[in-house]
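Undergrad: Taken in order, these protein sequences are the chains called Z and H.
For the first sequence, the residue numbers in the numbering used here are 15 to 323.
For the second sequence, the residue numbers in the numbering used here are 4 to 252.
Below are the structure tokens for one structure; questions will follow.
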Amino acid sequence: MTAVDVYLQQAINGVSLGAMYALLALGFTLVYGILELINFAHFNVFMVGSFVGLGMLELLGVMPNDPALTGLTLVGVLLLTFAVTMVFSGALGVLIERVALRPLRNIRGPASMITTIGVSYVLFNIVLLGFGADAKNFPSPLPQVQFAIGGAVLRLREILIWVISIGLMGGLTYFVQFTKMGKAMRATAQDPDAARMMGVEVDRVIITAFFLGSALAGAGGLMFGLYYNITSYVIGFQAGLRAFTAAVLGGIGNVPGAMLGGIIIGLVEAFGSYWISAAWADVIIFSILVLVLVFKPAGLLGRIAPNKS
Amino acid sequence: MPREDQGPLLEFKAVNTYYGDLHVLKDVNYTIGRGEIVSLLGGNACGKSTTMKTIMGVVRPTRGSVTFDGQPIEKLATSERVKRGIAPVLEARRLFPRMTVYENLEMGAYTQKRGAQFDEDLERVYSLFPRVKERRNQVSGTLSGGEQQMVAIGRALMARPRLICMDEPSMGLSPLYVEQVFDIIQEINRQGTTIFMVEQNAAMALSIAHRAYVLQTGKVVLSGTAAELRENPAIKEAYLGELQVPAAA
Ligand SMILES: Nc1ncnc2c1ncn2[C@@H]1O[C@H](COP(=O)(O)OP(=O)(O)OP(=O)(O)O)[C@@H](O)[C@H]1O
Ligand SMILES: [Mg+2]
């Protein structure tokens, strides 16, 4: 492998990781944009999504170490698994909002944020108690197709992650920019009282933000399983913290910022692991975060939020 | 339920509104008739914006009733009130700053169906405010204060309201703009929309209003036709004096 091949390979790995972080970061940003709440439960919605994807694949008879699927069967299995995982995760997000957060909506201070940490641990422990502490093998229905780009290798699983991420992010961008509910979401994020006085039902906007964010996190969790062929109850914290960093790096509350931040964090992780060592990846990621926040406190694409009256 | 086409459009009966322990509106009564322009005058912090918020349902009265079109609305959600025909022009405009002018107008029509009616309403706004049409693709946070006020009024019109509640439409505008805005308020009223308008600029407000209420520390201390109030010595002194300093409560 030449140096260029190595860089190319790390770029492929980094963008793939980054796409997963970006999906997860979008959930932080959607909810923060509207409620100014950092939703730590989101970490483990990602993890639960990975287990739901695992369960769905096994339900469809796709077991770990089974031979790869092909053709329409593969497409059908993937579509169904993604759909079920996203709907389940989205519903979980809505449930969390309804049960744990809405009762605290009008209480000032950190109560809601602390509650999201509590909910995160509840999810963590439910999966730990229900499925055990050992890592689970994840089915790999994807054929071992790969393309050589120079000396670098692009595998089908990376292509899958890219295609699905681009599709989901494009879909979300369209939704937020052009649909009535998407506009209501932006209006609510910019001035919740004014939005309410236009007739926006703010509770529905909040539910939509939780549903969409959590559905994307679930898709991210499923991708994680398909990418690493493994999942475990612990994956939420590491991925979640990196994705949260991505959201802050891009400018929390900002949708394109979350996507950009995710890709940057993925690339930093890939190149940092290669040049230095994987053990240092988090140190590098969080150092970058600190630097960005010192020099650009609102994040790369963020604005300093005006005071809401 | 039968709709009373005769009674007042909006009525406050002994309304009391609090923020926590702070008692802001104290047994307030207002009656706004169909087709009127009614002005609400008063010094700072007397509860004018709180009146508007109580109409819109952003705050709820602790006691008293608010009726719109003969029906109690004080327990209704804000969105339901908008659907019934009440639209706000908020204090300090409060446009969605990172949305375009057009998107702000769309938000005004949030409770309306899209289609021919929307296009018609949009044309109406554009013909009242040619400037708004010119600026329709501009991000509204970058508009001048006067332009923002036009968009804010246009946004309210997009809701097809029967009542527009305006909170200090002249605030921060140059005298020329103030006159334009007041002309347009009169024009909107002539086209059939009832207007309840908070103003500190009493001279201007009384020049277009049919009637007015004067609020002082949360109580209505005076009300009458605009002509009566213009001649009232207390009003002359407190609001129409050369300095136009609002009365100290
Ligand atoms: N959300 C709130 N929470 C607590 N107190 C409030 C709130 N909004 C207004 N107040 C207080 O209620 C009182 C009346 O406020 P309001 O905004 O109705 O005054 P106003 O007559 O509109 O004044 P101005 O002419 O300055 O706009 C003020 O003392 C204000 O500080
Ligand atoms: Mg006010």
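Don't be surprised by glycine CBs; every beta carbon is placed ideally from N, CA and C.
Owing to the predicted nature of the structure, the values given are computational and were not obtained by experimental measurement.
According to DSSP, is residue 248 of chain H helix, strand or coil?
TA: What you label residue 248 of chain H is simply residue 245 of the second sequence in a count that begins at 1. Residue confidence is low: residue 248 of chain H scores 47 on pLDDT, short of 50, so the model does not pin down where it sits. Its coordinate-derived value is still stated next. Secondary structure at residue 248 of chain H: coil, using DSSP grouped into helix, strand and coil.
Undergrad: Checking contacts by CB at 9 Å: is residue 113 of chain H closer than that to chain Z?
TA: As a position in the second sequence, residue 113 of chain H is number 110, starting the count at 1. By this cut-off, residue 113 of chain H is an interface position.
Undergrad: Under 7 Å between beta-carbons, which chain Z residues line up against residue 86 of chain H? List them in chain order, please.
TA: The sequence position of residue 86 of chain H within the second sequence is 83, counting from 1. Here the neighbours are 213.
Undergrad: Using a beta-carbon distance below 9 Å, is residue 272 of chain Z in contact with chain H?
TA: Within the first sequence, residue 272 of chain Z is the residue found at index 258, counting from 1. Chain H contact via Cβ: absent.
Undergrad: I want to verify the contact list: residues of chain Z whose CB lies under 7 Å from the CB of residue 197 of chain H, in sequence order.
TA: Counted from its first residue, the second sequence places residue 197 of chain H at position 194. Simply none; closest approach about 17 Å.
Undergrad: Could you say if the stretch 265-273 of chain Z and the stretch 141-150 of chain Z meet the contact criterion of at least three C-beta pairs nearer than 8 Å?
TA: Judged by Cβ distances under 8 Å, the stretch 265-273 of chain Z makes no contact with the stretch 141-150 of chain Z, as fewer than three pairs qualify.
Undergrad: Buried or exposed for residue 42 of chain H, going by 16 or more other Cβ atoms inside 10 Å?
TA: Against the second sequence, residue 42 of chain H aligns to sequence position 39. Classification for residue 42 of chain H: buried.
Undergrad: Taking beta-carbon pairs under 8 Å, can you tell me which members of the stretch 189-214 of chain Z lie near chain H?
TA: 194, 197, 198, 200, 201, 204, 205, 207, 208, 209, 210, 211, 212, 213 and 214
Undergrad: Are residue 307 of chain Z and residue 271 of chain Z closer than 9 Å when you measure CB to CB?
TA: On the first sequence, position 293 is the one that residue 307 of chain Z refers to. On the first sequence, position 257 is the one that residue 271 of chain Z refers to. Result no, Cβ atoms of residue 307 of chain Z and residue 271 of chain Z do not sit closer than 9 Å.
Undergrad: Would DSSP call residue 97 of chain H helix, strand or coil?
TA: What you label residue 97 of chain H is simply residue 94 of the second sequence in a count that begins at 1. Residue 97 of chain H: coil per DSSP, three-state reduction.
Undergrad: Output the residue ranges of the beta strand (DSSP E) runs that lie fully inside the stretch 21-56 of chain Z and measure 3 residues or longer, sorted by chain position.
TA: Within the stretch 21-56 of chain Z, there are no complete beta strand (DSSP E) runs of at least 3 residues.
Undergrad: Use the C-beta contact count for residue 172 of chain H: other C-beta atoms within 10 angstroms, 16 or more gives buried, fewer gives exposed.
TA: If you number the second sequence from 1, residue 172 of chain H lands on position 169. Buried, by the Cβ-count rule.
Undergrad: Under a three-way DSSP split, which group does residue 303 of chain Z fall into?
TA: The sequence position of residue 303 of chain Z within the first sequence is 289, counting from 1. If DSSP states are grouped into helix, strand and coil, residue 303 of chain Z belongs with the helices.
Undergrad: Would you verify that the beta carbon of residue 81 of chain H is, or is not, closer than 9 Å to some beta carbon of chain Z?
TA: Here residue 81 of chain H is taken as the residue at index 78 of the second sequence, counted from 1. Yes - at least one Cβ of chain Z is within 9 Å of the one on residue 81 of chain H.
Undergrad: Does residue 106 of chain H have its Cβ less than 9 Å from a Cβ in chain Z?
TA: Start at 1 with the first residue of the second sequence, and residue 106 of chain H comes out as number 103. Closer than 9 Å: yes.
Undergrad: So residue 61 of chain H contacts chain Z; which residues on that side make the cut at Cβ distance below 8 Å?
TA: Here residue 61 of chain H refers to the residue found at position 58 when the second sequence is read from its first residue. Those within 8 Å of residue 61 of chain H in chain Z are 207, 210 and 211.
Undergrad: Rounding to the nearest angstrom, what Cα-Cα distance links residue 168 of chain H and residue 15 of chain H in this structure?
TA: By 1-based counting over the second sequence, the position of residue 168 of chain H is 165. By 1-based counting over the second sequence, the position of residue 15 of chain H is 12. Straight through space, the alpha carbons of residue 15 of chain H and residue 168 of chain H are spaced by roughly 14 Å.
Undergrad: With DSSP collapsed to three states, give me the class of residue 232 of chain H.
TA: Within the second sequence, the letter at position 229 stands for residue 232 of chain H. It is helical.
Undergrad: Do residue 82 of chain Z and residue 179 of chain Z have their beta-carbon atoms positioned less than 9 Å apart in this structure?
TA: Numbered from its first residue, the first sequence carries residue 179 of chain Z at position 165. Numbered from its first residue, the first sequence carries residue 82 of chain Z at position 68. If you check the CB distance, residue 179 of chain Z and residue 82 of chain Z do not come in under 9 Å.
Undergrad: Counting only the same chain and skipping the five closest in sequence on each side, list residues whose C-beta sits under 8 Å from that of residue 223 of chain H.
TA: Here residue 223 of chain H corresponds to residue number 220 of the second sequence, with the count starting at 1. The residues are 31, 32, 33, 216 and 217.
Undergrad: Could you spell out the range, first to last residue, of the beta strand (DSSP E) harbouring residue 217 of chain H?
TA: In the second sequence, the residue the question calls residue 217 of chain H occupies position 214. Note, residue 217 of chain H: beta strand (DSSP E), 214-219.
Undergrad: Looking at the structure shown, is residue 174 of chain H part of a helix, part of a strand, or coil, going by DSSP?
TA: Working through the second sequence from its first residue, we reach residue 174 of chain H at position 171. DSSP, read as helix, strand or coil, puts residue 174 of chain H in coil.
Undergrad: What residues come near ligand 1, if near means a beta carbon less than 5 Å from any of its heavy atoms?
TA: Here the list is H:22, H:27, H:47, H:48, H:49, H:50, H:51, H:52 and H:53.
Undergrad: Along the chain, where does the beta strand (DSSP E) containing residue 22 of chain H start, and where does it finish?
TA: Sequence index remark: in the second sequence, residue 22 of chain H carries index 19 (1-based). Its beta strand (DSSP E) spans residues 13-22.
Undergrad: With a CB to CB cut of under 8 Å and the five nearest residues on each side skipped, what residues in its chain are close to residue 99 of chain Z?
TA: By 1-based counting over the first sequence, the position of residue 99 of chain Z is 85. For residue 99 of chain Z, where only same-chain residues beyond five positions count, the Cβ hits under 8 Å are 63, 66, 67, 70, 232, 233, 235 and 236.
Undergrad: Closer than 9 Å, CB to CB, is residue 165 of chain H near chain Z or not?
TA: In the second sequence, counting from the first residue as 1, residue 165 of chain H sits at position 162. Output row for residue 165 of chain H: interface = no.
Undergrad: For ligand 2, I want to know if residue 190 of chain H counts as a neighbour, meaning its beta carbon is within less than 8 Å of at least one of the ligand's heavy atoms.
TA: Start at 1 with the first residue of the second sequence, and residue 190 of chain H comes out as number 187. No, since every heavy atom of ligand 2 falls outside the 8 Å radius drawn around the Cβ of residue 190 of chain H.
Undergrad: Quick one: is residue 45 of chain Z buried, meaning 16 or more other Cβ sit within 10 Å of its Cβ, or exposed?
TA: To locate residue 45 of chain Z, count along the first sequence from 1; it is residue 31. So residue 45 of chain Z ends up on the buried side.
Undergrad: Ignoring anything shorter than 4 residues, give me the alpha helix (DSSP H) runs that lie fully in the stretch 240-302 of chain Z, in order along the chain.
TA: 249-264 and 269-289
Undergrad: Report the residue ranges of all beta strand (DSSP E) runs contained in full by the stretch 164-193 of chain Z; include only those spanning at least 3 residues, in chain order.
TA: 166-169
Undergrad: Answer with yes or no whether the minimum CB distance from residue 48 of chain H to chain Z is below 9 Å.
TA: Along the second sequence, one-based indexing puts residue 48 of chain H at 45. It does not; no Cβ of chain Z falls within 9 Å.
Undergrad: Which two residues bound the contiguous alpha helix (DSSP H) that contains residue 29 of chain H?
TA: On the second sequence, residue 29 of chain H is found 26 positions in, with the first residue counted as 1. Annotation for residue 29 of chain H: no alpha helix (DSSP H) segment contains it, though the beta strand (DSSP E) segment containing it runs 25-35.
Undergrad: From what residue to what residue does the alpha helix (DSSP H) around residue 44 of chain H run?
TA: In the second sequence, counting from the first residue as 1, residue 44 of chain H sits at position 41. Secondary structure note for residue 44 of chain H: it is in no alpha helix (DSSP H), and the uninterrupted beta strand (DSSP E) holding it is 40-45.
Undergrad: Hey, would you say residue 176 of chain Z sits closer than 9 Å to residue 33 of chain Z, going by beta carbons?
TA: Along the first sequence, one-based indexing puts residue 176 of chain Z at 162. Along the first sequence, one-based indexing puts residue 33 of chain Z at 19. In this structure, residue 33 of chain Z lies closer than 9 Å to residue 176 of chain Z by Cβ.
Undergrad: DSSP state of residue 161 of chain H, grouped into three classes?
TA: If you number the second sequence from 1, residue 161 of chain H lands on position 158. Coil.
Undergrad: Less than 8 Å between C-beta atoms, sequence neighbours within five positions excluded: which residues of the same chain meet that for residue 84 of chain H?
TA: Numbered from 1 along the second sequence, position 81 holds the residue referred to as residue 84 of chain H. The answer, listed in chain order, is 58, 59, 60, 71 and 76.
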